[in-house]
Every structure is written in structure tokens, then in C-alpha cells.
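Just so we're aligned: 91 in UniProt numbering is position 91 of the sequence shown, and the numbers increase by one with no gaps anywhere. Working notes, beginning with the structure itself.
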Amino acid sequence: MNLEQLLKAFSEVLFSVFQQVESTEDLLNDKQKMALIASIIAALDELQAVTEQTLPEELTSAYTAGLSEAQAALQELLTSAPASPITATIAAAAKLKPVIANRIHLNALNNLISDTLADLKAAFRTARESAITTINDTIDVVRLEIASGIIQGNHNRVTAKRVAKAFAQGGLTSFITRDGKRLPLDVYASLVARVKTRQAQVTGAENRYKEAGVTTVRIFENAVTCPVCAKYRNMIVVISGSIPGFKTKNEVPLPPYHPNCRGTIRPVVMDFLSDAELAEAKALTAAFDPGKDNRTPAQRKAYAKEQEIRRKAREETKYYERMKAVLGDQAPKTVGAFRRMKRSNGKGWQKVQVEYLKAVRE
């Protein structure tokens, strides 16, 4: 199983949990309620086991990709490098293929794997607690409303709908951000996995450069990028020791800067830079301001357009997942079918909208 398959498994497990909640005949029955909780815990346990098997392999693969990326970059650097003792040192190191069994790589990789699994272990623990609390608290409220006569009709159906709605709104919360946002397990796992795999690749490249005696790197980001990544684009950062006029990686972090960051690093040898290039690099460092958006108006506009397209796609996916959790088989079979139905705005879409809105109000 690869990373994308693992993240898909997260979504599938969470969707199956929503289906189990809605299909349980009588959640007011303690035996059925406990059986549902046991089933959810078992599903999360199985998913955690798969995660703990898959992610170390993915992180190792990403780290190895970083080594290979750095090896190619070193070879490219040497093609235009002037003859010098530094060039000879890099050339000698570049002749040797990077070996992940070397201590520098093993230690870095083991730390990455350990940190990642610790983060996700805590997330699974929080999700289990959240699931149990959501079920118990929602059922307690329903019982009070039944006793007071607020809820009429089919109590079992109302209970199932209420619990399903509560789950859709945060029943499998795995992390709460500083500003109070509740991140469900699949979302948080995706954030952690994407950040850590990217970090593994960048760290692999960084350590390969260090092995070759390279002490500085340049940060590469796309021209059309976010305000966060734009701050670091083209900056030269010192990864070993210190150089006057330039910042170390403790002062300016290396990528990734967010879960979808595609930033990377390339080797730079200061002795190979012209006076003009050196002055430009120093000026960029001196102008560095973490709180300033240094993109041009055209870059901002292009990025905003790209993000708006992605935002709408994410919103549609989330809406579909909520609808599927509440309506089950009555909802469109796939997110693609959902989008086509929504855009056509025909009778089928209007009907399913009415059913969904009716269900969430119950």
C-alpha cells in the first residue's frame, strides 16, 4: 500500500463508520450501542496497524528519493564548476552512491519515523475517545428529549440520524487547532503524512549535500506559489556552520512550509557565485521578512485563481461526504456523479437536496 492508497483507506474507514452508525437499528439499546462502539474501535485499530506498517516504508522511500535528487543535483553542479579544492571534494563524494545505512541517514530517518508515528498514535487515541463521547453524549440528549416529549415518532430513526449528524460534524476528531478547529482523523492524518513525507525528501537531500561537503543550499519554489512559500523562494540558507550575510536553517527553515508545499533545495557553493550573484543573494537575505507577502500582483492573482478552483473542489467533496453519511444509498454513488448532478441542477439534484436538508434538520 502506498501513501495515496493509505489516505484513501482513511476516508473509506470513516465512511464505513458513518454507515454503521446510521444502519444500527436501535442505538437506544445499550447492547447495540456497545456493539457499535466496539466495531468502530476495531476498525480504527486495524487502520492504525496498516498506518504503522505503511508510513515507515513511505518515509524511507521519500528519504531515498531525496538522496537521489541530491545526487543528481551534485552531478549537475560539477558540470559547470571551476577547478578548485572544493570542486575536488564534492566530485570525490559524488562518485560514491549515497547509502541510507550510513549513520547520518539512519538517525535522521529513524527520528522522522518515530515523530510521525507518535503524532498519529495520539491522533488515533483522540479519535477513539471522540467516537465514544459523541455516541454517548448524543444518545443522552436524545433520551432527554424523548422523555420530555420533544421527539415524536420513530425514536430509533431519529437517534440514528442525530448520531450520524454528530459524527459528520466532528465525531472522529483527532486534533484541535489553536483557533479551535476540530480536525477529523482522515484530514489530520493526511496533513501529517504529506508534511512528513515531504520533510523526509528534503532532509534526505540536505544530508546528502552535507556528506559531499556542501554547506549552503538554495530554496526552490514554483513561480506561482502561496504567500508563505514566496517568502523563502530563491533564498540561500546555510545548512552547516555560518556565513556572514546569510541565515542558517535555524533562522530560516527549509521546506516544507505547509502540507501541500512542493518546495525543494539545491546545492550552492558560494565560491562559484559571481560578485553580482553574491550581492543579489545577500540583498534577498537582508530583505527577508516572514510577515511580508513579496509576490507581484500578477503572481497573487494567478495563485488566488488556482486556489479558488481547489477550494470549490474541496467544498464539493466535503459536502458530498456529509450527504453520503446522512443519505447512504440515496446519495449519488461517487463524488464525480455528485458534481455532475449538482452542475446540471435538474430534478434529481433538487430531490436529493430536499432529502438531505430534511434529514439533517431531524
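Virtual Cβ for every residue (Gly too), placed ideally from N, Cα, C.
Using 8 Å for Cβ pairs, my map puts residue i next to residue j. What's the rounded Cβ distance?
{"i": "Glu236", "j": "Arg218", "result": "Per the sequence shown, the amino acid found at residue 236 is Ile instead of Glu. Confirmed, about 5 Å."}
{"i": "Ala83", "j": "Arg266", "result": "At roughly 21 Å, the Cβ-Cβ gap does not stay under 8 Å, so Ala83 and Arg266 are not in contact."}
{"i": "Lys247", "j": "Ile135", "result": "That belief does not hold up - the Cβ atoms of Lys247 and Ile135 are roughly 50 Å apart, past 8 Å."}
{"i": "Glu22", "j": "Ala168", "result": "About 10 Å separates the two Cβ atoms, so there is no contact after all."}
{"i": "Ile86", "j": "Leu78", "result": "Not confirmed; about 11 Å, so no contact."}
{"i": "Arg340", "j": "Glu316", "result": "So it is not a contact: roughly 11 Å between Cβ atoms."}
{"i": "Ala123", "j": "Ser61", "result": "Contact doesn't hold; Cβ gap of about 22 Å is too wide."}
How big is the Cα-Cα spacing for residue i and residue j?
{"i": "Pro56", "j": "Val252", "result": "27 Å"}
{"i": "Ala212", "j": "Lys165", "result": "56 Å"}
{"i": "Thr177", "j": "Phe272", "result": "45 Å"}
{"i": "Pro227", "j": "Arg157", "result": "48 Å"}
{"i": "Thr51", "j": "Asp179", "result": "28 Å"}
{"i": "Lys249", "j": "Glu206", "result": "11 Å"}
{"i": "Ser242", "j": "Thr215", "result": "9 Å"}
{"i": "Ala147", "j": "Arg162", "result": "16 Å"}
{"i": "Ala287", "j": "Tyr303", "result": "22 Å"}
{"i": "Thr24", "j": "Thr296", "result": "55 Å"}
{"i": "Leu6", "j": "Arg125", "result": "18 Å"}
{"i": "Gly66", "j": "Lys342", "result": "42 Å"}
{"i": "Val202", "j": "Val269", "result": "18 Å"}
{"i": "Ala70", "j": "Gly204", "result": "8 Å"}
{"i": "Ala283", "j": "Pro98", "result": "34 Å"}
{"i": "Leu36", "j": "Ala42", "result": "10 Å"}
{"i": "Ser114", "j": "Val352", "result": "46 Å"}
{"i": "residue 370", "j": "Asp289", "result": "There is no way to answer for residue 370, as the model of the chain reaches only from 1 to 362."}
{"i": "Thr138", "j": "Thr334", "result": "29 Å"}
Which residue marks the beginning of the alpha helix (DSSP H) containing residue i, and which one marks its end?
{"i": "Val141", "result": "Arg103 to Ala147"}
{"i": "Ser23", "result": "Leu3 to Ser23"}
{"i": "Val202", "result": "Leu185 to Glu211"}
{"i": "Arg340", "result": "Val335 to Ser344"}
{"i": "Ser61", "result": "Asp30 to Thr79"}
{"i": "Glu251", "result": "First-last for Glu251: undefined, no H or E at that position."}
{"i": "Lys95", "result": "Pro85 to Lys95"}
{"i": "Lys282", "result": "Asp275 to Ala286"}
When the Cα of residue i is compared with those of the options, which residue comes out closest?
{"i": "residue 377", "options": "Ala304, Arg262, Ile100 and Ser174", "result": "A question about residue 377 goes unanswered here, because the residues of the chain that appear run from 1 up to 362."}
{"i": "Tyr209", "options": "Met1, Leu96, Ser39 and Ala42", "result": "Leu96"}
{"i": "Asn2", "options": "Arg182, Leu59 and Ala131", "result": "Leu59"}
{"i": "Pro255", "options": "Leu78, Asn222 and Asp275", "result": "Asn222"}
{"i": "Ala189", "options": "Ala94, Ile40, Ala42 and Lys121", "result": "Lys121"}
{"i": "Leu357", "options": "Ser39, Tyr319, Arg339 and Gly336", "result": "Tyr319"}
{"i": "Glu4", "options": "Val187, Thr296 and Phe220", "result": "Val187"}
{"i": "Val192", "options": "Pro259, Thr334 and Ile243", "result": "Pro259"}
{"i": "Gly291", "options": "Ala147, Tyr232 and Thr225", "result": "Tyr232"}
{"i": "Leu112", "options": "Ile37, Glu69 and Tyr63", "result": "Tyr63"}
{"i": "Ile13", "options": "Ile139, Pro184 and Val99", "result": "In the sequence under discussion, the amino acid at residue 13 is Val, which differs from the Ile named in the question. For the residues Ile139, Pro184 and Val99, the minimum Cα distance to Val13 belongs to Pro184."}
{"i": "Lys8", "options": "Thr203, Thr54 and Ile86", "result": "Thr54"}
{"i": "Glu355", "options": "Ala331, Val335 and Ala337", "result": "Ala331"}
{"i": "Ala279", "options": "Arg311, Pro244 and Ala298", "result": "Pro244"}
{"i": "Arg300", "options": "Trp349, Thr225 and Ser274", "result": "Thr225"}
Terminal residues of the continuous beta strand (DSSP E) containing residue i?
{"i": "Glu267", "result": "Note that residue 267 is Pro in the sequence shown, not Glu. Pro267 -> beta strand (DSSP E) spans Thr264 to Val268."}
{"i": "Thr225", "result": "Premise fails: Thr225 is in no beta strand (DSSP E) and is neither H nor E."}
{"i": "Thr173", "result": "Thr173 to Ile176"}
{"i": "Ile236", "result": "Ile236 to Val238"}
Between the segment 15-35 and the segment 131-151, are three or more C-beta pairs nearer than 8 Å?
Segments in contact, yes.
Cβ pair count under 8 Å reaching 3, the segment 321-329 against the segment 17-25
With a cut-off of 8 Å on Cβ pairs, the segment 321-329 is in contact with the segment 17-25, counting three or more such pairs.
Count Cβ pairs between the segment 95-109 and the segment 127-142 that sit closer than 8 Å; are there 3 or more?
Under the three-pair Cβ rule at 8 Å, the segment 95-109 does not count as touching the segment 127-142.
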